[in-house]
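J.: Sharing a structure, written as structure tokens. Questions coming.
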Amino acid sequence: MARFSPLRRTLAVSAAVAIGCAGFGAGILPASAQPIKVPAEKSNPAPNSEATVKIGPPVADEAYDQFIVTYKASAQNAGKSGRAKAWGKAAQEAGVSVKELRSMATGSFVVKSNKELKGKDADAFMEDMAKSGLIEAIEPDAMMKISMTPNDTRYAEQWHYSGTNGMRLPSAWDTSTGSGSVVAVLDTGITLHSDLNTNVLPGYDFVSNATSARDGNGRDSNAQDQGDWYAAGECGGSDSGNSSWHGTHVAGTVAAVTDNGKGVAGVAPDAKLLPVRVLAKCGGSLSDISDAIIWASGGYVPGVPTNTNPADTINMSLGGGGACGTTYQAAIDTAVSRGTSVIVAAGNESQNASNVRPANCSNVVVVAASNPSGGPSFYTNYGSAIDVTAPGGDTRYAGQGVLSTINTGSTTPSAEGYAFYQGTSMATPHVAGMVALMKSKSPSLSPAQVETALKNGTRAMPAGCSIGCGTGLVDAAKIMNSLGGTTPDPDPEPEPSGNLLKNPGFEDGSTGWTANRSDTFETGSAARTGNGLAGLNGWGNSNTYTLDQKVTIPSSASSAELKFHLRVLTDETTTSYAYDKISVQVIDGYGTYNMGSWSNLDAGTSYQERTVNLNNFRGKTVTLRFKGVEDSAKATVFRIDDASVSAN
């Protein structure tokens, strides 16, 4: 079987003894040296050819002076001088000198060159290493950032990001946080807020009516929200209203400062916000809004200074009745022609969105609202005009609105704060922020390509939608995967038995599974049934194996569980300490959860069925991971066969 055998440990130890005992004379070992027992059914690794070497590609525009190398099991590679032969010619060709820095817990080694290699040079260096015939894998030792799980104190209340029926944002943040993107928020303006200020660019006030603007003049460069409160009878009705701070709430959803230990997270936390004030007391005029659209995209507006920070994306959480009209459409078309995506709210009247503008305009992305149950919100507009749906919340129930930044003043600005709002106004900035993530990753995307990617990057409404919710609920992880240049893994097809796993008995080798070591997949009489199995660890030195498969657990299931058969073979003699362990983990994009573990203490002569409860992951697509970790002493091998995930 093609795997690392404890025999490699034997060779490595023998080499170390020969060096450490040179004073004893050739062929003489210390009295304490004992032969190493090998678990049954292990064998020497099959030779690897150059064609099987795994080469990790460098990231575009990044340079590296360190590489991670996994060597083949051989006596030559047991010593540093032997391993150095793997890079001799490669270093000469690249014009660098190389040294070995350290070994790793995985059994690999870190090597360092005296200068950085980038792009084709890094590729060539790694390919030349592969030609040495001494290695199994090599990849750049890339700089990683923390996998984002924000520490914002109220992040846990933002169900709309990572909850079962949210946008699945955490996985997307591993790819992009919106750096370099600019989102224009055409709204009531913005108030000072410590969870926003760092991301706010100089904006503009397009409210031309000084009375409505409450700032003593017409248009000016101050985009601060002065409050949109109104007295009874002022806005065509008998009622009165407090200031909404609507623009501040929308801005927080787009790009609140994240991982700052306070408040909330934004969809695109490293994007920049361009506040454009178009709404004030009693609303905003079509002419002001249309000028603002053109200005925000970098176009010329008479009498207004040029916008030096043209927006990639415009968020318009606003609307009114009537047909789109030539003014709105011309402004939108101008913005789109400049490469700016225009994201608009569907409206909150529980009617067909084709009756309201700008949702009925062309060249816009129209967003409907969903509730925490995964269905359309009770107020959302709907119909054929809808492109996609995003979380908009339902404040009829505690904690089920969309939480974001506000000001606490009832009329004029006062202190900063946070509040739950509901509406397609809240759904729209989720999508605008999503576009900022997309444009940060792929700046050349045109508005048409953005719209296509958004529509293709949805999942079916978890609770269904019969009224017209576009292509479904925006799925951030799915969208960012599609922009990564690889095709996202399809949802696993159930086996005839109802098993949600692909290739559960490993009869088709690695099909359906992803492993960090090619020797994980074995064949032979060691299988519980059939001919295939998975074998983790068994080296007798420090190493880690992972074996993954993605699986979608239906939200309609009343229960879900993983079952698999495990056999543990070990050389460990202790009856009290778990030196070598295998864990079952579930990764859902928000976190990694340890669901159960076994060790050398569970060694036995036969397979034992193990069960893991997956009820907490219903309605999610998760990665199931078997993770084996072996220490630097005696060998333990973990054998897995006949796995299943059932949902009833």
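Using the numbering used here, the first residue of the sequence shown is number 439, and each one after it goes up by one. Even glycine gets a Cβ: it sits at the ideal position worked out from N, Cα and C.
Does any heavy atom of the ligand COA sit closer than 7 angstroms to the C-beta of Val491?
T.: With respect to the ligand COA, the structure offers nothing, as it holds no ligand at all.
J.: Count the other C-beta atoms from every protein chain shown that fall within 10 angstroms of the C-beta of Asn1051, then say buried if there are 16 or more, exposed otherwise.
T.: exposed
J.: Does the Cβ-Cβ distance between Ile732 and Ile752 come in under 8 angstroms?
T.: no
J.: Please give me, in chain order, every unbroken run of the beta strand (DSSP E) with length at least 3 that falls completely inside the region 770–819.
T.: 779–783, 803–808
J.: Buried or exposed: which applies to Ala689, given that a residue is buried once 16 or more other Cβ atoms fall within 10 Å of its Cβ?
T.: Ala689 counts as buried, since no fewer than 16 other beta carbons sit within 10 angstroms of its beta carbon.
J.: For Pro473, does the three-state DSSP call read helix, strand or coil?
T.: Residue placement at Pro473 is flagged as unreliable, the pLDDT there being 33, under the threshold of 50; the coordinate-derived value follows with that caveat. It is coil, neither helix nor strand.
J.: Within 10 angstroms of the Cβ of Asn552, are there 16 or more other Cβ atoms? Answer buried if so, exposed if not.
T.: exposed
J.: How about the region 657–666 and the region 637–648: do they share at least three Cβ pairs that are nearer than 8 angstroms?
T.: When Cβ pairs closer than 8 angstroms are counted between the two stretches, the region 657–666 is seen to touch the region 637–648, the count reaching three or more.
J.: Please list the segments of the beta strand (DSSP E) lying wholly inside the region 834–921, counting only runs of 3 or more residues, in order along the chain.
T.: 840–845, 854–859
J.: Who are the near neighbours of Gly557 in its chain, counting only those whose CB is closer than 7 angstroms to its CB and skipping five residues on each side?
T.: Pro496
J.: What do you get for Tyr668, buried or exposed, if any count of 16 or more other CB atoms within 10 angstroms of its CB means buried?
T.: buried
J.: Given a cut-off of 8 angstroms on the beta-carbon distance, is the pair Thr967 and Asp825 in contact?
T.: no
J.: Between which two residues does the alpha helix (DSSP H) holding Val1091 run?
T.: It is not possible to answer for residue 1091, since the shown part of the chain is limited to 439 through 1086.
J.: Residue range of the beta strand (DSSP E) that Trp384 falls in?
T.: Lying outside 439 to 1086, the shown extent of the chain, residue 384 is not represented and no answer is given.
J.: Report back the beta-carbon spacing between Arg715 and Gly757 to the nearest angstrom; my notes put them in contact at under 8 angstroms.
T.: At roughly 17 angstroms, the Cβ-Cβ gap does not stay under 8 angstroms, so Arg715 and Gly757 are not in contact.
J.: List the endpoints of the continuous alpha helix (DSSP H) containing His687.
T.: 684–693
J.: Can you have a look at Gln596 and say buried or exposed, based on whether 16 or more other CB atoms are within 10 angstroms of its CB?
T.: buried
J.: Specify whether the region 1025–1036 and the region 595–609 touch according to this definition: at least 3 beta carbon pairs, one from each stretch, less than 8 angstroms apart.
T.: Judged by Cβ distances under 8 angstroms, the region 1025–1036 makes contact with the region 595–609, as three or more pairs qualify.
J.: Using C-beta distances below 7 angstroms, list every residue in its chain close to Gly902, excluding the 5 sequence neighbours before and after it, in chain order.
T.: Gly813
J.: Anyone know if the C-beta pair for Gly601 and Pro810 falls short of 8 angstroms?
T.: yes
J.: Compare the beta carbon distance of Ile770 and Ala870 with 8 angstroms and say whether it is the shorter of the two.
T.: no
J.: Report the option in Asn1053, Val1006, Gly1057 whose CA atom is closest to the CA atom of Trp1036.
T.: Val1006
J.: Only counting the same chain, and skipping five residues up and downstream in sequence, which positions put a Cβ closer than 7 angstroms to that of Asp1069?
T.: Ser980, Tyr1017, Asp1018
J.: If I'm right that Pro713 touches Gly627 with Cβ under 8 angstroms, what's the distance once you round it to whole angstroms?
T.: 6 angstroms
J.: Quick check on Ile731: does DSSP put it in helix, strand or coil?
T.: helix
J.: Grouping DSSP H, G and I as helix and E and B as strand, with all else coil, what is Gln596?
T.: coil
J.: May I ask you to list the residues that DSSP assigns as paired with Thr984?
T.: Lys1065
J.: Which one or two residues does DSSP pair with Thr827 in a beta bridge?
T.: Ala806, Leu911
J.: Can you tell me where the beta strand (DSSP E) with Asp1080 in it begins and where it stops?
T.: 1074–1085
J.: Using a 10 Å radius around the Cβ and a threshold of 16 neighbouring Cβ atoms, would you call Ser682 buried or exposed?
T.: buried
J.: Between which two residues does the beta strand (DSSP E) containing Ser1021 stretch?
T.: 1019–1025
J.: Tell me the rounded alpha-carbon separation between Ser400 and Ser815.
T.: This structure cannot speak to residue 400, because the chain is shown only from 439 to 1086.
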